[in-house]
Amino acid sequence: MIQDKVVVITGASSGIGYSTAKALAKKGAKIVAGARRLDRLETLKKEITDDGGEIIICETDVTKKTDCDNLVKQAIEKYGTVDVLINNAGLMPLSFVKSLKIDEWDRMVDVNIKGVLYCTAAVVPTMVEKKSGHIVNISSVAGRVVFPAGSVYCATKFAVAAFTEGLRQELSVRKNIRVTSIEPGVVQTELTNTITEQSLQAFVDKHKEMEGLQAEDISNAIIFALEAPNHMNVNEILIRPTTQEV
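Take a look at the structure:
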């Protein structure tokens, strides 16, 4: 049951995070939405509250541990607990290693890996204490398959996949905390907007022309995992567009 669950979502200002916040609010969840773009969060809040849902928003940069701690603190102060964490914030500035876009590498490591670690660390004490909870990490098909210009991005998503499985082994049996990895293929979101490698323009255009997944498709997968009966832990969901080969 999602009704009345307290759900913390990062990267909630657009794409999968935005869609998931709205979908879960419609099912009666209490949403705690974090992202850097406060104006987008305000829009999300208005849409959810106009539809009768409940949400609080918090400006959050997941590369800062203090921001991650504060996001969870806001949830606990308002609702007394956290039932679900959805680690959704992520970046994909693809580039060839030879281009040495090291600042972009650092940013991906900070957001895609450390952001997941920081937010998870913020919710684990509460979930361990009450021996219940659900952590959903948004990984990627890139956490299974490596491709040219994706070396660093894939490395971050392989790390998320490994961390997620480690969490499951540590927390599911002993603490009744379910852990799920959602692994989308091409989704029509803003993810490609951070690509600055000019030689990848044809790649970007091809993916924009593909009949990719919609953010709502991923939201539905998350809902499936959350609504599974408590004895059932949906460990991984890999979702590709029908037209995506690898």
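Positions in the sequence shown are counted from 1; adding 1001 to them yields our numbering. For each residue, glycine too, the CB sits at the ideal point set by N, CA and C.
Distance, residue j Cα to residue i Cα
i: G1054; j: S1020; result: 14 Å
i: T1011; j: I1224; result: 16 Å
i: A1026; j: Q1004; result: 9 Å
i: I1139; j: G1167; result: 15 Å
i: E1212; j: A1203; result: 16 Å
i: K1046; j: I1058; result: 7 Å
i: T1220; j: G1029; result: According to the sequence displayed, residue 1220 carries Ser and not Thr. Whole-angstrom Cα-Cα distance: 15 Å.
i: E1043; j: K1207; result: 33 Å
i: E1130; j: A1143; result: 34 Å
i: K1102; j: Q1199; result: 12 Å
i: S1277; j: D1062; result: The requested residue 1277 does not occur in the structure, where the chain is confined to residues 1002 to 1247.
i: M1002; j: G1081; result: 18 Å
i: D1218; j: A1226; result: 13 Å
i: G1116; j: M1109; result: 10 Å
i: V1205; j: F1097; result: 14 Å
i: D1068; j: K1074; result: 10 Å
i: F1148; j: D1107; result: 19 Å
i: L1214; j: A1024; result: 16 Å
Reference residue i, options the options, closest by Cα
i: A1034; options: D1070, V1098, I1056; result: I1056
i: V1121; options: L1101, I1103, D1107, T1165; result: Per the sequence presented here, residue 1121 reads as Thr, with Val not at that position. Nearest of L1101, I1103, D1107, T1165 to T1121, Cα basis: T1165.
i: V1153; options: E1210, N1194, M1093; result: M1093
i: I1114; options: P1230, A1160, L1072; result: A1160
i: A1162; options: V1137, K1065, K1176; result: V1137
i: T1244; options: A1226, E1210, P1230; result: E1210
i: A1229; options: V1098, T1181, V1110; result: T1181
i: V1083; options: S1096, V1124, M1233; result: V1124
i: L1118; options: K1158, I1049, L1214, D1051; result: K1158
i: M1128; options: F1148, F1097, L1095, R1175; result: R1175
Test item: CB-CB of residue i and residue j under 7 Å
i: I1238; j: A1222; result: yes
i: A1156; j: L1201; result: no
i: V1305; j: V1146; result: The chain is shown from 1002 up to 1247; residue 1305 falls before or after that span and cannot be answered.
i: P1126; j: V1187; result: no
i: A1036; j: A1022; result: no
i: R1169; j: H1135; result: no
i: V1007; j: A1090; result: no
i: T1064; j: D1111; result: yes
i: N1177; j: S1133; result: yes
i: I1281; j: A1216; result: The structure shown does not extend to residue 1281, since the chain is modelled only from 1002 to 1247, so the question has no answer here.
i: N1234; j: S1141; result: no
Presumed contact (8 Å Cβ cut-off) between residue i and residue j, rounded CB distance
i: T1015; j: T1190; result: It is worth fixing the name first, because residue 1015 is Ser in this sequence and not Thr. That pair is a contact at about 7 Å.
Checklist entry - What are the uninterrupted segments assigned as alpha helix (DSSP H) that are 4 or more residues long and contained completely in the segment 1008-1037, given in chain order? => result 1016-1027
Checklist entry - Which runs of the beta strand (DSSP E) spanning at least 3 residues fall entirely within the segment 1043-1109, listed in chain order? => result 1055-1060, 1085-1088
Checklist entry - What are the start and end residues of each continuous alpha helix (DSSP H) run of 4 or more residues lying completely inside the segment 1200-1230, in chain order? => result 1202-1210, 1216-1228
Item to check | Those runs of the beta strand (DSSP E) which lie wholly inside the segment 1109-1161 and span at least 3 residues | outcome: 1134-1139
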